[in-house]
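Comments concern the structure below.
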Amino acid sequence: MEHGAEKIIVLQNIVKSFDGEQILKSINLEIRDKEFVTLLGPSGCGKTTTLRIIGGFETPDSGHVFFDGKIVNDVPPYKRPVNTVFQKYALFQHLNVFENIAFGPRLRGEKGAALTAKVHEMLEIVNLKGFEKRSISTLSGGQQQRVAIARALINHPRVLLLDEPLGALDLKLRKDMQIELKNIQQRTGITFVYVTHDQEEALSMSDTVVVMDNGEIQQIGTPQDIYNEPTNAFVADFIGESNILDGQMLDDYYVAFSGKRFRCLDAGFAKNEPVDVVVRPEDVDVVSLERGMLTGVVSSVTFKGVHYEIIVDIGGFKWMIQTTDYVENGAAIGLYIEPDAIHVMKKSEFSGKFGDYSSFSDEMDHLSDVEETEEEE
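Residue numbers (the working numbering): 6 to 382.
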């Protein structure tokens, strides 16, 4: 993203409640022209409400929505330079693919060869050349989704809003569509604002990720920033896997956790300030006991294809480590941690809630995915 790009949408101190419950607590956000922005967070964090306020489907209780510097709080959706692709694609079942895509321009009185050329251009962008005459009911979920995107893009909105559009697709198709959407966004130069609860999706597609929880923005940054420099324990836990430990900043570049003192790259904390320490599972080296800065006992080993995921008990705290070396369950091992693998964060309301893998199991992970989809239906 070029930082010189102009701000197209600005949300200023947006507050929104439903039935007396505050869903958004003073949201401030700037979205730039031609940017792919993802609102990421768990169910109920306020990401869809934020999207609906940008689209004009909801009005904020207080605060302002600016488009190109003008306040648009009360401007209805159809008068905003915005189109929305919902999770339910809402295609016209009685019209074929061509007519679904041509619907908007026809309403505006476009017709003939110019319209046909436009529709064909859209079909090419979404990889559906030759599908003009197909009826909607014969299309797969992924194909229907592309028709919905083409139908929105043909109106040349400045901004395309996408609410969990890949939610209904299976994993392999989702992965393909993520690449596809990123390409479409780059080809058209349209600003995309995308809502998802899937971290991997957010990291692989976005220029900017906005991590939300509890009606508040926790962090805004590039996917790399969010992954490598999480601002608090919530972000560290939500984006990928993280060991999050109680620590103490002894001095600039020195932190204590798990009963040992470590060199790190962080500075600027108060002397002996209590902190949260993040160590990503892939950044820890498994070594012999005598070389280990920390030592522990392996309590589970799961083969993941490229690597093994092992849970290691270190003084009662369960770490997750990803390693390409096979380790026996029950083995005593050493862990070696480089200074740049240690990330120190301020204590927050999320401290102490995440980062210990005592209750970890793959099955639990998948269960929460299933619930997530049901809640959003």
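Virtual Cβ for every residue (Gly too), placed ideally from N, Cα, C.
- Between the segment 301-313 and the segment 322-329, the count of C-beta pairs closer than 8 Å reaches three or more; the two stretches touch.
- Three or more Cβ pairs closer than 8 Å define a contact, and the segment 72-90 falls short of that threshold against the segment 233-240.
- When rounded, the separation of the alpha-carbon atoms in ASN132 and LEU144 is 13 Å.
- Runs of the alpha helix (DSSP H) lying entirely within the segment 45-109, each at least 4 residues long, are 52-60 in chain order.
- Closest by C-alpha distance to ASP251, out of VAL20, LEU112, LYS352, is LYS352.
- Residue burial is scored here from C-beta neighbours: SER363 has fewer than 16 other C-beta atoms within 10 angstroms and is therefore classed as exposed.
- In this structure, the alpha-carbon of MET217 lies about 10 Å from that of HIS202.
- With contacts defined as CB atoms closer than 9 Å, ILE19 and GLY60 fail to qualify as a contacting pair.
- PHE262 has GLY252, LYS265 as its beta-bridge partners, per DSSP.
- In this structure the segment 83-96 does not lie against the segment 221-230, because fewer than three pairs of beta carbons, one per stretch, are closer than 8 Å.
- One Cα belongs to LEU174, the other to ALA95, and the distance between them is close to 16 Å.
- Annotation for LYS323: ILE316, ASP361, TYR362, SER363 place their beta carbon closer than 6 Å to its own, counting only its chain and skipping 5 residues before and after.
- Sorting PHE262, GLU185, TYR199 by C-alpha distance to the C-alpha of GLU40 places TYR199 at the top.
- Take ARG139, set aside five residues on each side of it, and the residues of its chain with a beta-carbon closer than 7 Å to its own are ASN101, VAL102, in chain order.
- For the set HIS99, LYS358, SER293, the Cα lying nearest the Cα of VAL282 is the one of LYS358.
- Bounds of any alpha helix (DSSP H) do not take in ASN219, whose DSSP letter is neither H nor E.
- Take the alpha-carbon of ASN160 and the one of ILE231: they are about 33 Å apart.
- Distances from the CA of LEU340 to each of ILE347, GLY297, ILE141 were compared; the closest alpha carbon is that of GLY297.
- In the three-state scheme derived from DSSP, where H, G and I count as helix and E and B as strand, PHE243 is classed as helix.
- Two segments are said to touch when three or more pairs of C-beta atoms, one from each, lie closer than 8 Å; by this definition the segment 269-276 does not touch the segment 285-302.
- LEU158 carries a helical assignment under DSSP once its states are collapsed to helix, strand and coil.
- Take the alpha-carbon of GLU137 and the one of GLN92: they are about 23 Å apart.
- Looking at the DSSP output, MET127 sits in no beta bridge, so it has no partner there.
- Separation of the CB atoms of ILE338 and GLY301 is rounded to 7 Å, and the pair is thereby assigned contact status at 8 Å.
- Within the segment 140-201, the runs of beta strand (DSSP E) at least 3 residues long that lie entirely inside it are, in chain order, 164-168, 196-201.
- In this chain, the alpha helix (DSSP H) harbouring SER209 covers 204-210.
- Exposure of ARG268 is indicated by the presence of fewer than 16 other C-beta atoms within 10 angstroms of its C-beta.
- Annotation: the continuous beta strand (DSSP E) that includes ILE14 extends over 12-23.
- ASN233: member of the alpha helix (DSSP H) spanning 228-233, first to last residue.
- For ALA346, the three-state secondary structure derived from DSSP is helix.
- Looking at ILE14, VAL349, SER22, ILE154, the one whose alpha-carbon comes closest to that of ILE249 is VAL349.
- In the same chain as GLY194, and ignoring 5 residues on each side of it, the C-beta atoms closer than 7 Å to its own belong to LYS39, in chain order.
- Taking C-beta atoms under 8 Å as the contact rule, VAL90 and PRO162 fail to qualify, at a distance of about 10 Å.
- Setting aside the 5 residues that flank it on each side, SER305 is surrounded in the same chain by ILE316, each with a C-beta closer than 6 Å to its C-beta; the list follows chain order.
- According to DSSP, THR43 shares a beta bridge with TYR199, VAL214.
- Comparing alpha carbon positions, the residue from ASP256, ILE347, ASP242, ARG37 closest to ASN277 is ASP256.
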